[in-house]
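Take a look at the structure set out below.
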Amino acid sequence: MNAPGGAPVLAPGHTYASIADTISAIVLAERLGRGWLAGFAVSFLLLQGLLVGTAVLLVQGVGVWGVNVPVAWGLAIVNFVWWIGIGHAGTLISAILLLLRQSWRTSINRFAEAMTLFAVACAGLFPLLHLGRPLRFYYLLPYPNTMDLWPQWRSPLIWDVFAVTTYLTVSFLFWYVGLLPDLATLRDRASRRPARVAYGVLAMGWRGSARHWLRYETAYLLLAGLATPLVVSVHTVVSFDFAVSLVPGWHNALFPPYFVAGAIYSGFAMVLVLAIPLRRAYGLEDFITARHLDNMAKVMLATGLLVAYGYLMEGFVGYYAALPLERFMLANRAGGPYALAFWALVATNVLAPQVLWSEKVRASPWALWVVALTINVGMWLERFVIVITSLHRDFLPSSWGMYYPTRWDWAIFVGTIGLFFCLLFLFIRLLPVISIAEMQGLLSHEEPEAR
Amino acid sequence: MPPLEPLDLARLARELGVAESRLNALSRREFLLLSAGALLVAGAAACRQPVEEIVPYADRPEALADRELLWFASSLPRAGYGRGVLVKSFLGRPIQVEGNPAHPESLGAADPFAQAELLALYDPARSQAALRQGAPATRSEVLVELQAALERHAGRGGERLRVVTGTVTSPTLAARLAALERRFPAMRWVVHEPAGRENVLEGARLAFGRPLEPRLRLDRARVAVCLDADLFFAEPAALRLAREFADRREPELGAGMLRLYAAEPAPGLAGSVADHRLPIRAGRVEALARRLAFLVGAGPETGRLQEREERWLRAAASDLRARRGSGLVAAGAWQPPAVHALAHAINAAAGNVGGTVAYAEPAEARPARGASLAALAQELAGGRVGVLLLLGVDPAYDAPADLPMGSLLARAPFTAHLGLYVDDTAERCLWHLPAAHPLESWGDLRASDGTASIQQPLIAPLYAGWTAYEALGALLGERELSAHQGLRRHWRRQRGGPGFERDWRRWVHDGVVDGTSLPAAALSPRRPPPPEPSPAPTPAEEPAAAGLEAVFRPDLRLWDGRYARNAWLQELPDPVTKLTWDNAAWLSPADAERLGLANGDLVALSLEARTLEAPVWVVPGQAVGSVLLALGSGREGRGFSAYALRSSRSPWDSRGLSLAPLGRRRELACTQGHHRPEGREPARAATLARYRDDPGFASSAAHDPGPRETLYAPSPESSERYAWGMTVDLGRCIGCNACVAACQSENNIPVVGKDEVLRGREMHWLRVDRYYEGDPEAPRVQQQPLACVHCENAPCETVCPVEATVHSREGLNEMVYNRCVGTRYCSNNCPYKVRRFNFLQYSDVTTESLKLGRNPDVTVRNRGVMEKCTYCVQRIQSAKIAAERNSRDVLDGEVVTACQAACPTRAILFGNLLDPGSAVSRSRQAPRLYGLLAELGTRPRTRYLAKITNPHPGLQERS
């Protein structure tokens with residue numbers, strides 16, 4: 001299928017067999033490449049930051065971080081929101097674009113979903129680690145107990161628990177159900193017995209019968225329907241952590257839509273950051289084509305503009321409402337001790353994506369990659385600005401303070417990046433990064449003569 | 001076989017308490033001897049010396065069976081002067097110090113120094129054993145050696161015997177010293193008090209011909225002028241003066257309200273609440289006093305001073321003349337005698353004597369044949385001292401720099417030091433003996449008005465320390481007489497009679513020996529104030545070439561350094577700078593700008609060829625040209641010791657200080673990072689005139705929109721009997737930190753150390769915010785104590801995911817430590833930022849001695865939980881239990897929070913808002929009531945009364 005006026009979503013000349021061969025070969029046939037080994041080694045090294053950082057944190061307490069009063073939330077929450085945001089693209093691509101019948105999603109949905117899962121896993125660590133008493137995290141869950149106590153339902157943190165766990169569960173199911181036909185393909189193609197057994201168990205007896213396909217299609221569509229509201233709800237709820245409070249700079253009705261837009265923005269940026277090297281390394285240019293890159297760049301541009309509008313409105317409302325505290329907060333962001341972070345945020349998140357108006361930039365994978373990476377940095381800065389600069393100067397000038405991240409703050413952040421990439425490298429080696437079945441589905445639409 | 005580990009001789013020597021060199025030449029016999037000794041000592045460590053007159057109860061008193069808290073009256077010294085205290089005791093352990101309401105110089109209040117004595121008592125770093133040249137020894141050894149030394153070195157009549165003490169007010173100890181002087185007619189008793197009151201007494205000698213102590217009465221004053229006199233800190237009667245001041249500052253007094261003028265080089269407590277504060281170099285205060293004397297007709301004409309000084313003087317003089325008989329001029333103890341003489345002359349001329357000021361014999365005991373520390377140093381250098389006893393003093397640390405006491409001590413053949421710590425002096429003496437802490441010893445102390453109090457021990461001495469009385473007994477050969485027996489013998493001699501036993505019990509019980517206050521008389525100066533020295537030191541302009549002025553003052557947290565080992569006081573934010581754990585050279589903003597210095601910059605200070613490295617701190621209100629160097633720091637590597645620059649000739653201020661930036665910085669731990677209110681008016685104030693026009697100025701509609709309409713039921717159901725609330729009167733608060741110290745002691749609040757304060761993690765539940773407004777050189781200062789305000793509509797409660805902070809039916813915002821998981825969301829959402837989080841394990845739960853001092857009614861919090869002010873819920877509960885036993889409701893005044901109890905000015909009111917007659921309910925009727933950040937709809941239960949100032953109408957208010 002050629003999209004009207006665009007590049008193809010699948011390079012011409014492919015057959016069922018060639019698709020299955022190309023994609024499954026990454027898992028089954030290729031030896032461990034040097035690139036893979038090097039990438040995994042670097043990621044694993046970074047992962048040690050998380051392991052050591054967590055050990056130090058659990059032994060000594062959350063005081064090893066830079067948090068204090070007034071800035072009681074630090075990098076942990078910044079990172080949490082950032083990772084959750086990144087985790088948005090997967091569901092958006094998989095569910096919403098599926099429902100909207102955007103067939104170009106097919107080649108990127110699998111690893112976007114995997115990316116979502118890994119990002120949410122990284123995100124989920126932070127709220128646990130940042131607790132003063134992490135071993136008591138289960139107090140946040142509604143479980144029957146002798147204290148006859150439930151969580152406090154008015155707290156946005158409880159909503160968070162539900163939003164994030166729901167999102168994680170649905171994302172996982174969606175990803176796994178989508179994997180079933182491909183796991184069966186791998187089972188059938190694997191040459192060694194352990195692989196056959198492993199993939200066979202995971203494929204849950206998939207035989208590809210018409211009944212299977214019927215059930216599969218129904219379940220997949222239902223899950224897509226279930227996941228769709230989550231795209232909006234998760235970051236809406238995460239934004240409530242801030243919006244529901246009364247801290248100037250947090251207490252803002254604009255937060256839910258602007259957080260969702262920001263999440264999709266950063267999610268797509270992360271997909272690009274991963275997809276561009278991946279397609280190059282494994283020769284997947286036929287499947288992840290220039291068309292995909294172009295489309296994702298356009299989504300980034302659109303959501304980036306929404307985010308910029310959010311900043312503008314935050315400023316305007318603060319100014320227009322003439323509340324001294326709001327005005328002070330704005331002035332402090334732009335001219336206070338953390339002004340550098342704010343202006344870097346404007347440069348990376350508002351100015352940088354404007355180059356995407358140019359078709360040339362959108363057509364150049366490496367330019368796109370740089371822009372996407374810049375946007376990821378920008379979205380991290382955005383969370384930093386929101387969390388830190390709002391807290392550090394709030395109502396009473398006597399309690400104003402500063403927050404400086406410590407090496408353990410950074411170690412754990414870098415460590416989660418290591419975790420993310422470790423998981424991603426394992427995923428690339430163990431599971432098909434592109435949905436074989438769905439790619440074949442594209443083929444059946446496009447080139448009936450190949451059947 | 002593996003080789004034997006080499007013996008760690010250094011460690012062994014440390015453990016056995018012998019010099020390492022001895023171990024190297026150890027014979028087999030000696031080794032066995034030492035081993036056996038070590039074994040014995042290890043076993044003996046479990047023993048406590050049997051203590052006289054303390055026997056197990058045959059019938060346990062009911063109070064102990066009930067684990068009830070008992071209160072005992074006592075007295076605690078600061079620089080020798082006693083302040084009456086009540087000490088809370090639980091199962092035989094003192095756990096809290098409060099003021100004794102029956103004591104005339106305490107009036108129920110306790111300053112931070114008295115309260116922190118509790119921590120000093122249990123300090124594991126206290127000296128625990130007698131030491132001879134640093135090695136453990138026994139008391140009998142010192143007694144034997146002392147006797148031998150007296151015979152060999154004391155000379156005829158004790159002419160080579162010297163005893164050094166601090167200020168002595170204790171009648172019993174004074175009597176014993178007098179006995180010693182009779183026994184050794186040629187000995188010398190040296191009083192060494194680094195921040196003593198010699199200038200006060202000398203000033204009186206100039207005016208009256210003999211040393212007298214002026215007794216100030218602010219309760220009768222309508223105008224008071226402080227000439228570098230920090231009435232609420234430096235004076236021994238500070239607690240009483242603060243109370244009298246506050247009572248005279250009620251705006252309801254109208255024109256009768258006290259007006260306070262203060263001229264001082266460095267901001268102090270009195271200056272911060274003065275209506276007109278004049279920053280002025282310490283050396284210029286005398287010129288100011290002369291000019292004031294002229295203006296009120298008490299002295300000859302002098303030259304005009306600077307314009308700002310003249311305006312201040314004219315206003316003060318006109319007030320003194322207009323309020324004849326109800327004015328008061330006070331000279332600070334750190335000002336030279338001439339200023340005191342001038343103050344006496346002004347008070348006499350203004351008719352104040354007999355009203356606001358009277359004169360009494362000093363409460364401190366004077367040596368019959370005294371000598372100065374300088375003379376002692378000379379004698380030591382000349383080898384004319386044979387036996388030197390240092391009782392509770394540390395001259396090696398706190399002597400002026402021109403008297404190198406540390407090195408001179410070795411010149412005497414026999415030196416013995418009695419002290420709570422192995423301090424600089426102890427290390428240089430032949431003998432060190434552990435002193436008994438005032439909370440574990442019998443004794444007596446006089447307050448500045450002479451009122452004597454009996455000190456009673458709250459616990460048997462933890463480390464078998466001696467009192468100074470007992471140590472002197474060794475000199476007199478009265479070793480068998482204990483402090484307790486000696487005390488009773490003294491008082492029986494003084495006030496004996498048939499009713500002595502009854503009287504004695506009453507004195508001990510009340511904490512006051514009635515009828516001991518010294519009579520004060522209305523005396524007029526016999527002589528005119530001394531004439532001006534010939535080169536008139538009253539230029540209108542300052543000679544810039546003379547350099548900066550170094551001003552030495554006791555530290556607002558550490559006094560002269562004797563409290564420097566106290567972690568509570570080290571972490572108590574300085575009332576002016578809010579610094580903890582460090583001191584700094586205070587610079588005025590103008591000087592700092594001129595020298596290009598900022599907070600924390602290290603400079604080399606040099607004065608008379610002595611130099612010192614110190615960080616600077618820019619202090620709004622510090623006099624231009626004057627640099628404050630607070631005494632008392634520099635121990636154990638914290639801060640710098642200003643004694644290194646101080647000279648014995650001009651101990652309080654000297655010109656000629658030069659200051660060279662070193663280009664390096666030292667991080668200083670300040671608990672308040674921003675000092676201007678940014679137009680948010682957290683601490684509100686108005687002049688009396690404005691208050692008359694608009695009494696409700698503090699709660700304008702913009703600030704407090706009133707209750708909002710809501711669909712939600714108030715939750716939870718409120719109690720019908722109690723609604724606890726607090727009112728803090730900013731007009732009475734002087735920012736003295738007594739409340740902060742009381743809260744720390746009552747609520748087992750840990751100290752966190754300098755590094756953690758630097759990270760912004762101090763744990764004080766109650767803090768005193770201090771804001772500056774107006775001109776940085778002469779700012780208006782606002783003090784605002786702030787703890788959890790117990791919002792009725794608390795933002796912290798709705799965001800806690802686990803219901804760890806909940807509302808009680810009586811309106812308390814409660815923390816459930818067990819339930820807290822430490823999300824810290826409550827702290828973020830608290831607009832007052834009064835919640836404190838245990839980021840690390842701050843509470844010391846391993847040191848045994850510290851466990852003894854904890855309040856058993858308050859949980860010791862562990863790592864990872866949030867905490868904050870509870871309105872002293874444990875005190876509320878015990879009052880309720882007591883009331884319920886009697887089938888009645890808690891009466892007003894039965895619940896007194898720790899901060900309220902300690903407050904010298906009664907600025908804090910607490911009670912039941914549902915009782916319309918309660919003091920706190922009545923305070924809610926005041927028009928100057930307002931709620932801090934009430935515009936957020938939090939409905940705080942703690943409300944503030946705005947401060948009303950009383951400036952002179954002719955003086956433009958400082959802006």
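These protein sequence lines map, in sequence, to chains A and B.
Okay, so the first sequence: first residue is 1 according to my numbering, each after it adds one.
Okay, so the second sequence: first residue is 1 according to my numbering, each after it adds one.
C-beta: ideal position from N, C-alpha, C; glycine also.
- With its beta carbon at least 7 Å from every one in chain A, Glu814 of chain B lies outside the interface.
- Within 10 angstroms of the beta-carbon of Lys360 of chain A lie fewer than 16 other beta-carbons, which makes it exposed.
- The secondary-structure analysis by DSSP pairs Arg610 of chain B across a beta bridge with B:Leu607.
- When secondary structure is reduced to three states using DSSP, Trp175 of chain A falls in the helix class.
- In terms of Cα proximity to Ala253 of chain A, the closest of A:Ile264, A:Tyr311 and A:Val299 is A:Tyr311.
- For the pair Leu556 of chain B and Asp582 of chain B, the CB atoms are not nearer than the 7 Å cut-off.
- The shortest CA-to-CA distance from Phe910 of chain B to any of B:Gly354, B:Gly725, B:Arg249 and B:Asp398 is the one to B:Gly725.
- When DSSP states are grouped into helix, strand and coil, Gln378 of chain B belongs to the helix group.
- Per DSSP, Met815 of chain B is one residue of the beta strand (DSSP E) stretching across Asn813 to Met815.
- Along the stretch 431-446 of chain A, there is no position whose C-beta sits under 8 Å from a C-beta of chain B.
- The C-beta separation of Gly267 of chain A from Ile436 of chain A comes to about 24 Å, leaving the pair out of contact by the 8 Å criterion.
- Counting other Cβ atoms within 10 Å of its Cβ, Glu636 of chain B stays below 16 and is therefore classed as exposed.
- A straight-line Cα-Cα distance of about 35 Å links Arg183 of chain B and Trp559 of chain B.
- In the three-state scheme derived from DSSP, where H, G and I count as helix and E and B as strand, Asn349 of chain A is classed as helix.
- The stretch 383-395 of chain A and the stretch 72-92 of chain A touch, with three or more beta-carbon pairs separated by less than 8 Å.
- Looking at the DSSP output, Glu773 of chain B bridges to B:Arg780.
- With its beta carbon at least 7 Å from every one in chain B, Asn349 of chain A lies outside the interface.
- Leaving aside the five residues that flank Thr847 of chain B on each side, the residues in its chain whose CB is nearer than 8 Å to its CB run, in chain order, Pro124.
- Residue pairing of Glu264 of chain B in beta bridges, as defined by DSSP: B:Pro279.
- Exposure of Phe31 of chain B is indicated by the presence of fewer than 16 other C-beta atoms within 10 angstroms of its C-beta.
- Taking a C-beta distance under 7 Å as the contact criterion, Ala116 of chain B and Asn813 of chain B do not qualify as a contact pair.
- Interface annotation, Thr172 of chain B: not in contact with chain A, CB-CB separation never under 7 Å.
- For Phe255 of chain A, no Cβ of chain B is located within less than 7 Å of the residue's own Cβ.
- Burial is judged here by how many other beta carbons sit within 10 angstroms of a residue's own beta carbon; Asp693 of chain B has fewer than 16 and is exposed.
- Residues of chain A with a Cβ closer than 7 Å to the Cβ of Thr823 of chain B are, in chain order, Leu131 and Leu157.
- For the stretch 614-630 of chain B, the set of positions with a beta-carbon nearer than 8 Å to some beta-carbon of chain A is empty.
- Per DSSP, Ala685 of chain B is one residue of the beta strand (DSSP E) stretching across Ala685 to Thr687.
- A direct Cα-Cα distance of roughly 22 Å separates Arg939 of chain B from Leu391 of chain A.
- Three or more beta-carbon pairs separated by less than 8 Å link the stretch 163-173 of chain B to the stretch 378-397 of chain B, which places the two stretches in contact.
- With respect to the C-alpha of His103 of chain B, the residue from B:Trp507, B:Pro750 and B:Thr425 having the closest C-alpha is B:Trp507.
- Counting every other CB atom within 10 Å of its CB across the protein chains shown gives Glu667 of chain B a total below 16, marking it as exposed.
- The Cβ-Cβ distance between Ala274 of chain B and Val296 of chain B does not fall below 7 Å.
- Chain-ordered, the chain A residues with CB closer than 7 Å to the CB of Glu803 of chain B read Leu149 and Gln152.
- Across the set B:Cys826, B:Gly853, B:Arg924 and B:Pro750, the C-alpha of B:Pro750 shows the shortest separation from the C-alpha of Arg863 of chain B.
- For Arg290 of chain B, not one C-beta of chain A is nearer than 7 Å to its own C-beta.
- Secondary structure at Met296 of chain A: helix, using DSSP grouped into helix, strand and coil.
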